[in-house]
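Colleague: Supplied in structure tokens, the structure appears directly below.
There are 2 protein chains.
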Amino acid sequence: MLSSPICERIGIRYPVFQGGMAWISDARLAAAVSEAGGLGIISGMRESAEALRQQIRLARSLTDKPFGVNIMLMHPLADAVAAVVAEEKVAVVTTGAGSPAKYMAQWQAAGITVIPVVASVAMAALAERAGAAAVIAEGQESGGHIGELTTMALVPQVASAVSIPVIAAGGIADGRGMAAAFMLGAVGVQMGTRFLIAEECGVHPAYKAAVLKASDVSTVTTGRRFGGNTCRCIKNQFSRSFLQKEYAPDATAESVADLGTGALRLAAVEGDAKNGCLLAGQISGMLHKEESAAEIVHSVCDEAEQLLKGAAKWVK
Amino acid sequence: MLSSPICERIGIRYPVFQGGMAWISDARLAAAVSEAGGLGIISGMRESAEALRQQIRLARSLTDKPFGVNIMLMHPLADAVAAVVAEEKVAVVTTGAGSPAKYMAQWQAAGITVIPVVASVAMAALAERAGAAAVIAEGQESGGHIGELTTMALVPQVASAVSIPVIAAGGIADGRGMAAAFMLGAVGVQMGTRFLIAEECGVHPAYKAAVLKASDVSTVTTGRRFGGNTCRCIKNQFSRSFLQKEYAPDATAESVADLGTGALRLAAVEGDAKNGCLLAGQISGMLHKEESAAEIVHSVCDEAEQLLKGAAKWVK
């Protein structure tokens, strides 16, 4: 068994978080991951805060184990969603896109363990000062909204800068990545893309098929030119068209601001793998089959355990 | 002692390569790294092929241990430089920017171990088919010319795709990165930026000072918009101006093609840290002091050994 301070803190068996993916991570996937001993995470950004409350209650009906909710702090619904997770006293809240300082007192009063996703040393230090229990240091090899630092460069620099536990995310899809994360100073991992293809993940089958078909060089980043909204997604008609418009001579921050609107829903819900936005990480090329959440958690942790137990073989 | 098949193959003590940095990696630095038990690498791209021959001979006068030469295959001098390394029978040639297939017979006849730098699974497979002894899988967190994949995503995918040894590069500056590389499937590491600040590195002190001052978020990438020539360097007047011109509405591949000409020499030789191009990796933020090449090799390997020997502690 892998041992990690984050497991004791949250009450989970394996130090494996399932990334909170908008339009994708729902109660069923989160409950399956939590039932398997990891930390399932529901995306908090839904049609309404009440829709999230229903998802939280649905997850509770499927598992009595702890699970989390991911909140995008820049989202118009953030205040309402922040209140719902406090009222529902979810075990863990992970946050993206900003500092959770504003909600910290409310969440801590509700007994919530707050774990911000950070993309730099400064963001990690800010999260620690705000009272975060841990941070998820996420590299730009991740799918979805990303920063600039990669996992290999980010995790050790964050681990040196803060004294709270660090969870590594980005570019991790198997036991090799998990064992590497521990060597870099992390005490757990978060995986998004690997759980996107889980059997219990309700994302449209066409989306899963595109991830399973992808190679190592199948992703691109949109939204980089004008900054602030860089996304990693699979090359398709949507991303080609986005990049063409983004890098057109007359493009402006305003002209590209809405290019992605509705595109993730189109891919995840409608299954339009051509015109939809297929957020996915650079490790898509490592994924070749659909498996249950339990198979994923166990195979990743088993492989990491074997590698860590056997690591001394490299020293004569 | 770390044990690795690449050490036996090349006849080095520690599986640590020093990156071949144009205008920076010379005979003195390479000999110091090789004397310390790693693999020193001279940049092959100099004023002339004969200038490289003098560097090779100088290195031989400083060490009787194996060292390497790095050759940029797209460089106008590549043919002449390829002939010199064969005539001088250097121990190792690392190659960048293309396939070394064209020179393979010549180099193998000279007893040279050929190790291409690759940025994707396809490039790694091509190198293996061409007869490479190993590959250096280099992530985009590296300084200098880079691809798109990160080390965390690239190394395991390359390790799964080829049966020759894999050396990891990009984002590695200490024993944590080295131990992580072994977990990902590599059997050695290459470090550029960490050796750039070595005492024996003759790069201008103003360049070293800029690297030592840099934080985790101090690098940017130039040359990405039109593709083919993406470089990671430290934010300064040069890179700001480059990016402004690169992303200007009327920019074209042609208009940006020569923006970097002379800028690396200006930084590395003249010490113009404002108008020169300071190639450096995302781990610059981890580097705080100048040390000898031997101190670097030993401290990185010692830390990696301790981590690998102690890795089993994570398994209860």
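Going down the list, the sequences are from chains A and B. Everything in the first sequence is counted per my numbering, starting at 1 for the first residue and increasing by one. Everything in the second sequence is counted per my numbering, starting at 1001 for the first residue and increasing by one. Backbone N, C-alpha and C define an ideal beta-carbon position, used for all residues, glycine too. Fair warning: this is a prediction, and the values are worked out from it, not measured in the lab.
#1: Are the beta-carbon atoms belonging to residue 32 (chain A) and residue 293 (chain A) less than 8 Å from one another?
#2: Hey, is residue 76 (chain A)'s beta-carbon within less than 8 Å of any beta-carbon in chain B?
#3: Report, in whole angstroms, the separation of the C-beta atoms of residue 1198 (chain B) and residue 1303 (chain B), which I expect to be a contact under 8 Å.
#4: Which partner residues does residue 1279 (chain B) have in the DSSP bridge list?
#5: Against chain A, with Cβ distances strictly below 8 Å, would residue 1120 (chain B) count as a contact?
#6: Interface residues of chain A around residue 1215 (chain B) at Cβ under 9 Å?
#7: In three-state terms, what does DSSP make of residue 315 (chain A)?
#8: Quick check: the Cα distance between residue 189 (chain A) and residue 92 (chain A), rounded to an integer number of angstroms?
#9: May I ask you to verify whether the region 1094 to 1101 of chain B touches the region 1063 to 1072 of chain B, counting CB pairs closer than 8 Å and requiring at least 3?
#10: Starting from residue 1113 (chain B) and walking both ways along the beta strand (DSSP E), at which residues does that stretch end?
#11: When DSSP builds the beta bridges, which residues end up paired with residue 1036 (chain B)?
#12: Starting from the beta carbon of residue 1137 (chain B), find every residue of chain A whose beta carbon is closer than 8 Å, and list them in chain order.
#13: In chain order, what residues of the same chain lie with their CB nearer than 7 Å to the CB of residue 164 (chain A), ignoring the 5 residues before and after it?
#14: Please compile the residues from chain B whose C-beta is within a distance smaller than 9 Å of the C-beta of residue 1 (chain A).
#15: Tell me whether residue 219 (chain A) sits in a helix, a strand or coil according to DSSP, three-state version.
#16: In angstroms, rounded to a whole number, what distance separates the CA positions of residue 1054 (chain B) and residue 1195 (chain B)?
#17: Are three or more beta carbon pairs between the region 1252 to 1259 of chain B and the region 1178 to 1187 of chain B nearer than 8 Å?
#18: In chain order, what are the residue ranges of uninterrupted beta strand (DSSP E) at least 3 long that sit wholly in the region 88 to 157 of chain A?
#19: When the Cα atoms are used, what is the spatial distance from residue 15 (chain A) to residue 1185 (chain B)?
#20: From residue 60 (chain A) to residue 30 (chain A), what does the alpha carbon distance come to, in whole angstroms?
#21: Find the nearest neighbour of residue 114 (chain A) within the set A:41, A:174, A:149 and A:58, judged by alpha-carbon distance.
#22: Using beta carbons (cut-off 8 Å, strictly below), is residue 1151 (chain B) in contact with chain A?
#23: Give the straight-line distance between the Cα atoms of residue 1315 (chain B) and residue 1065 (chain B), rounded to the nearest whole angstrom.
#24: Is residue 1226 (chain B) helix, strand or coil when you go by DSSP?
#25: Do you know offhand how far residue 1002 (chain B)'s Cα is from residue 1269 (chain B)'s?
#26: Taking 8 Å as the threshold (C-beta atoms), are residue 80 (chain A) and residue 49 (chain A) in contact?
#27: Pairs of beta-carbons, one from the region 1144 to 1156 of chain B and one from the region 1224 to 1235 of chain B, closer than 8 Å: are there three or more?
#28: Which residues in chain B have a C-beta closer than 8 Å to the C-beta of residue 174 (chain A)? List them in chain order.
#29: What residues in the region 1161 to 1172 of chain B have a beta carbon less than 9 Å from any beta carbon of chain A?
#30: Cβ closer than 7 Å: which chain B residues qualify as neighbours of residue 279 (chain A)?
#31: Since I believe residue 118 (chain A) is in contact with residue 124 (chain A) (beta carbons under 8 Å), could you give me their beta-carbon distance rounded to a whole number of angstroms?
#32: Taking all protein chains shown into account, decide if residue 20 (chain A) is buried (16 or more other Cβ within 10 angstroms of its Cβ) or exposed.
#33: Under 8 Å between the Cβ atoms of residue 205 (chain A) and residue 271 (chain A)?
#34: If you draw a straight line from the alpha carbon of residue 1139 (chain B) to that of residue 82 (chain A), how long is it in whole angstroms?
#35: Starting from residue 1296 (chain B), trace the alpha helix (DSSP H) both ways and give me its first and last residue.
#36: Compare the C-beta of residue 1008 (chain B) with all C-beta atoms of chain A and state if any pair is closer than 8 Å.
Modeller: On the basis of the data shown:
#1: The residue you call residue 32 (chain A) lines up with position 32 of the first sequence. The residue you call residue 293 (chain A) lines up with position 293 of the first sequence. For residue 32 (chain A) and residue 293 (chain A), yes; Cβs fall inside 8 Å.
#2: In the first sequence, the residue the question calls residue 76 (chain A) occupies position 76. With 8 Å as the cut-off, residue 76 (chain A) does not count as an interface residue toward chain B.
#3: Along the second sequence, read from residue 1 onward, the residue named residue 1198 (chain B) stands at position 198. Along the second sequence, read from residue 1 onward, the residue named residue 1303 (chain B) stands at position 303. Actually they do not touch by this definition, with Cβ atoms about 17 Å apart.
#4: Against the second sequence, residue 1279 (chain B) aligns to sequence position 279. Secondary-structure assignment with DSSP links residue 1279 (chain B) through a beta bridge to B:1233.
#5: The sequence position of residue 1120 (chain B) within the second sequence is 120, counting from 1. Cβ-Cβ to chain A under 8 Å: yes for residue 1120 (chain B).
#6: Locating residue 1215 (chain B) in the second sequence gives position 215, counting from the first residue. The contacting residues are 120, 121, 122 and 157.
#7: The residue labelled residue 315 (chain A) in the question sits at position 315 within the first sequence. In this structure, DSSP gives residue 315 (chain A) an extended state, which the three-state scheme calls strand.
#8: Counted from its first residue, the first sequence places residue 189 (chain A) at position 189. Counted from its first residue, the first sequence places residue 92 (chain A) at position 92. So the two alpha carbons sit approximately 15 Å from each other.
#9: yes
#10: In the second sequence, the residue the question calls residue 1113 (chain B) occupies position 113. Looking at the DSSP string, the run of the beta strand (DSSP E) that includes residue 1113 (chain B) is 1113 to 1118.
#11: Taking the first residue of the second sequence as 1, we reach residue 1036 (chain B) at position 36. Bridge partners of residue 1036 (chain B): none, in fact.
#12: Indexing the second sequence from 1 puts residue 1137 (chain B) at position 137. Within chain A, no residue comes near residue 1137 (chain B); the closest Cβ sits about 10 Å away, beyond 8 Å.
#13: Mapped onto the first sequence, residue 164 (chain A) falls at position 164. Contacts found: 128, 132, 133, 134 and 135.
#14: Looking up residue 1 (chain A) in the first sequence gives position 1. Ordered by position in chain B, the residues that pass the 9 Å Cβ test against residue 1 (chain A) are 1315 and 1316.
#15: The count along the first sequence starts at 1 and reaches residue 219 (chain A) at position 219. Reduced to three states, the DSSP call for residue 219 (chain A) is strand.
#16: The residue given as residue 1054 (chain B) occupies position 54 in the second sequence. The residue given as residue 1195 (chain B) occupies position 195 in the second sequence. Taking the straight line joining both Cα atoms gives about 22 Å.
#17: no
#18: 92 to 96, 113 to 118 and 135 to 138
#19: Sequence index remark: in the first sequence, residue 15 (chain A) carries index 15 (1-based). Sequence index remark: in the second sequence, residue 1185 (chain B) carries index 185 (1-based). So the two alpha carbons sit approximately 21 Å from each other.
#20: Residue numbering aside, residue 60 (chain A) sits at position 60 when the first sequence is read from its first letter. Residue numbering aside, residue 30 (chain A) sits at position 30 when the first sequence is read from its first letter. So the alpha carbons of these two residues sit roughly 10 Å apart.
#21: As a first step, residue 114 (chain A) must be located in the first sequence, where it is residue number 114. Checking every option, the nearest Cα to that of residue 114 (chain A) belongs to A:41.
#22: The residue labelled residue 1151 (chain B) in the question sits at position 151 within the second sequence. Taking Cβ atoms only, chain A reaches closer than 8 Å to residue 1151 (chain B), which makes this a yes.
#23: The residue given as residue 1315 (chain B) occupies position 315 in the second sequence. The residue given as residue 1065 (chain B) occupies position 65 in the second sequence. One C-alpha to the other measures close to 40 Å.
#24: Reading the second sequence from its first residue, position 226 is the one you call residue 1226 (chain B). Reduced to three states, the DSSP call for residue 1226 (chain B) is coil.
#25: To locate residue 1002 (chain B), count along the second sequence from 1; it is residue 2. To locate residue 1269 (chain B), count along the second sequence from 1; it is residue 269. Going by the C-alpha atoms only, they are around 36 Å apart.
#26: By 1-based counting over the first sequence, the position of residue 49 (chain A) is 49. By 1-based counting over the first sequence, the position of residue 80 (chain A) is 80. Yes, the pair counts as a contact, with Cβ atoms nearer than the cut-off.
#27: yes
#28: Taking the first sequence and counting its residues from 1, the one referred to as residue 174 (chain A) is at position 174. The contacting residues are 1156.
#29: Along the region 1161 to 1172 of chain B, going in chain order, the ones with a CB nearer than 9 Å to a CB of chain A are 1161, 1168, 1170, 1171 and 1172.
#30: As a first step, residue 279 (chain A) is located in the first sequence; it is residue number 279 there, counting from the start. Ordered by position in chain B, no residue passes the 7 Å Cβ test against residue 279 (chain A), which lies about 15 Å from the chain.
#31: By one-based count along the first sequence, residue 124 (chain A) stands at place 124. By one-based count along the first sequence, residue 118 (chain A) stands at place 118. About 4 Å separates the two Cβ atoms, so the contact holds.
#32: Locating residue 20 (chain A) in the first sequence gives position 20, counting from the first residue. When all chains shown are included, residue 20 (chain A) counts as buried.
#33: On the first sequence, residue 205 (chain A) is found 205 positions in, with the first residue counted as 1. On the first sequence, residue 271 (chain A) is found 271 positions in, with the first residue counted as 1. Cβ atoms of residue 205 (chain A) and residue 271 (chain A): closer than 8 Å.
#34: Working through the second sequence from its first residue, we reach residue 1139 (chain B) at position 139. Working through the first sequence from its first residue, we reach residue 82 (chain A) at position 82. Approximately 38 Å, taken between the alpha carbons.
#35: Here residue 1296 (chain B) is taken as the residue at index 296 of the second sequence, counted from 1. Where residue 1296 (chain B) is concerned, the enclosing alpha helix (DSSP H) stretches over 1293 to 1309.
#36: Position 8 of the second sequence holds residue 1008 (chain B). Taking a beta-carbon distance threshold of 8 Å, residue 1008 (chain B) does not count as an interface residue toward chain A.
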